[in-house]
Amino acid sequence: MITNICLIGLALVFSSITSAIELPQEKVHAGHKLIDDWDIKAAELFTNKLLKKYPESGDAYFLKARVEFLKGNHELAAKILKQVTGSYSEVRELKNLVYNTHEETKLFITSESEHFVYRYKKGPDEILVHYATKVLEKSYETLGNIFNYYPKEKVLVEFYPNKESLSKISPLTLNDIATSGTVALCKYNRIMMISPGSLVRGYNWMDTLSHEYIHYILSKKSKNNLPLWMHEGIAKYFEARWRNNHEYLTPIMETMLAGGLQKNYLISLQDMMPSLAKLKTAEDVQLAYAEVSSMIEYITQTHGDKIISTLLQRLSNEESFKFVMFDILGTNLDIFQKKWKHFVKQKKLKSIPGLKPPGIHFKASRSSDEPIREYREIDNRKSRDLTFLGDVLQSRNFYKAALIEYQRAIEQSKVFSPILHNKLAKAHLITKEYNKAETILNRSLYHYPMFHTTLASLGELYFDTGDIK
């Protein structure tokens, strides 16, 4: 979640039609406030009245362009902005954003489910809609019950074909995406995500989709008044609830948090601004997620899940977060963090040596099936050499010898490598040593629950052994 650009201070943007009509500043502020709150229906009614009363006002057209952009009408917003001139940086930034978004989405096709609208390029990404509908419609019911909020309007979801497209229509740079592993965001009154088909191994896109939908709910219900740390904590804590999974700490997150507490190295709530995607390393991102999601666990264990709904409702009434937090939770932020730290230390978190974020790897092209360059992901040269030798032996049907080299590669590695464990398990599959293969794969799955090669290998194992379910 990346916070909205605040344009409340913007006034008197001149129109190319005329600059003679000045819109009252309080009207400009009121219009931008409704838009920043994502109160789109009210903002549209307000803006249409302004245009009727001030048909030659550049400010009114600027407001109208913002409304149409947040409604997902990128082409119309771009056309309206052509009538707006002015040297304000906000005007230039919105024009660039709208024009880039229109350019990236003009060939998108649209389909709908009961509560969602999907846009994507015709082709392989069409298959995402079937699964996205399962995730989001289930999320609509499950999360609606938790947060007591069911959007009346259909929620727009856009699938972008690659990282370059997402970086052009959002505040995320290519470096942000590569460093943090951020592949989706909720902004501009919609959900935007990179197609999993553009990554070499894909990613856990279904939980990610629910995660971003939670951001949508939080933004709408609180009128964009919820602090970033709580936004991310709630989204991470509840992201798997659509599939009735209450676990939220992955082994990597748990390891990062355990290490951070031990070394007294934590990401401050202030340093998480303006987005977790802007943190310097993938390890810091995982640590930050672990911190804020465990804070939400602490809150809900003390007050129950429904406390989140109450807090959001209070914030929507323009009450300050500081006041609402003290009134509902009975504490201020400093004391809360001290109590949280005591709470999380009692959890006796496990730190798994050699565990680190696996990183994300994008395909150079969606149109070709390029090989996974696994050797680059093996942490040291000795392990890489042994792995290469194992691959050569396996290619020549010397499976027992390959097993020895893969095992040696694992022993030489300083980190837990799901790649090496999958190679070892695959060799056991070939030699029909299914029990050994299953043990290795389950060990890898525990450490990296969403590593796609492990899931595929387990599927192959169960198919071969007749365990179809």
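Quick note: the sequence shown uses the UniProt record's numbering, first residue 1, plus one each step.
Even glycine gets a Cβ: it sits at the ideal position worked out from N, Cα and C.
How would you label residue i, buried or exposed, when you count the other beta carbons within 10 angstroms and need 16 or more for buried?
i    : result
I214 : buried
S320 : exposed
T18  : Note that T18 scores 38 on pLDDT, short of 50, meaning its location in the model is unreliable; the coordinates nonetheless yield the value given after this. T18 is exposed by the Cβ-count criterion.
I335 : exposed
K400 : exposed
V324 : buried
H342 : exposed
G72  : buried
Q394 : buried
V392 : exposed
S365 : exposed
D464 : exposed
L136 : buried
I8   : Legend: pLDDT at I8 = 35, less than 50; position of this residue unreliable, no value from coordinates given.
N245 : exposed
Y150 : exposed
Y160 : buried
G390 : buried
I2   : Residue confidence for I2 is low, a pLDDT of 41 falling below 50, so the modelled location carries little weight; the figure read from the coordinates is stated next. The residue in question, I2, is buried, as its Cβ has 16 or more Cβ neighbours within 10 Å.
L218 : buried
Y140 : buried
Under the three-state reduction of DSSP, which class applies to residue i: helix, strand or coil?
i           : result
A456        : helix
V200        : coil
F326        : helix
residue 470 : For the chain, the structure presents residues 1 to 469; residue 470 sits outside this window and is missing.
Y149        : coil
M206        : helix
L107        : coil
Y248        : coil
I177        : helix
F159        : strand
R119        : strand
M273        : coil
K187        : strand
V415        : coil
M295        : helix
E112        : strand
M192        : strand
F69         : helix
F336        : helix
F62         : helix
F362        : strand
I5          : Any answer about I5 is weak, because its pLDDT of 36 lies below 50 and its placement is not dependable; what the coordinates show is given next. Here I5 sits in coil by DSSP.
For residue i versus residue j, is the C-beta distance shorter than 7 Å?
i    : j    : result
L50  : A42  : no
G31  : L63  : yes
S351 : G259 : yes
L166 : I194 : yes
D59  : V28  : yes
E104 : K168 : yes
E239 : S198 : no
S232 : L349 : Checking the sequence shown, residue 232 turns out to be Glu, not Ser. Contact: no.
F147 : S383 : no
R241 : T142 : yes
M272 : W229 : yes
L172 : A282 : no
F326 : N317 : no
S57  : L23  : yes
I109 : K95  : no
If we ignore side chains and look at the alpha-carbon of each, how far apart do residue i and residue j end up?
i    : j    : result
D284 : K236 : 15 Å
R243 : Y61  : 44 Å
L458 : I440 : 10 Å
N175 : N264 : 28 Å
K79  : R119 : 20 Å
I267 : H428 : 42 Å
K223 : L70  : 14 Å
Y216 : E405 : 49 Å
K280 : P274 : 13 Å
Y54  : N48  : 10 Å
S113 : E374 : 39 Å
Q313 : N189 : 19 Å
K414 : H102 : 47 Å
L269 : L311 : 19 Å
Does residue i come within less than 7 Å of chain D when only Cβ atoms are used?
i    : result
K306 : Looking at the structure shown, chain D is missing, and only one protein chain is on hand.
**Asked** Touch check for the region 129–138 and the region 202–216: three-plus C-beta pairs under 8 Å?
**Response** yes
**Message:** For the region 349–368 against the region 181–197, do three or more pairs of beta-carbon atoms, one drawn from each stretch, fall closer than 8 Å, so that the two count as touching?
**Reply:** yes
**Request:** Taking 8 Å as the threshold, find out whether the region 286–297 comes into contact with the region 246–256 through three or more Cβ pairs.
**Result:** yes
**Prompt:** Given 8 Å as the limit, is there contact between the region 327–346 and the region 293–309, that is, 3 or more CB pairs closer than that?
**Reply:** yes
**Asked** Can at least three beta-carbon pairs, one atom from the region 149–167 and one from the region 83–91, be found at a separation below 8 Å?
**Response** no
**Request:** Please confirm if the region 416–433 is in contact with the region 450–464, defined as three or more CB-CB distances below 8 Å between the two stretches.
**Result:** yes
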